[in-house]
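Right, one structure below, let's go through it.
Residue numbers (our numbering): 592 to 664.
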């Protein structure tokens, strides 16, 4: 099963891929820069409601960051 910290890293990779900055993402999420950086660098877990909001902010489906394989042991 994929850890919540891995989901944050995937979001960070997506931000880089799309040319978005961590500070922009943090502002959109209502987070300070430290929290945004910690999450996208996998140092802090992202909560379920935060993850859902992140997908809305980035305008992507949850499947962008989570697949069925993530639930396998």
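Quick reminder that beta carbons are idealized off the backbone N, C-alpha and C, glycines included.
- The three-state reading of DSSP puts residue 596 in helix, counting H, G and I together.
- In chain order, 633 and 636 place their CB closer than 6 Å to the CB of residue 596, counting only its own chain and leaving out the 5 sequence neighbours on each side.
- The straight-line gap separating the alpha-carbon atoms of residue 608 and residue 643 is approximately 20 Å.
- Residue 614 has its alpha-carbon roughly 28 Å from the corresponding atom of residue 661.
- When secondary structure is reduced to three states using DSSP, residue 616 falls in the helix class.
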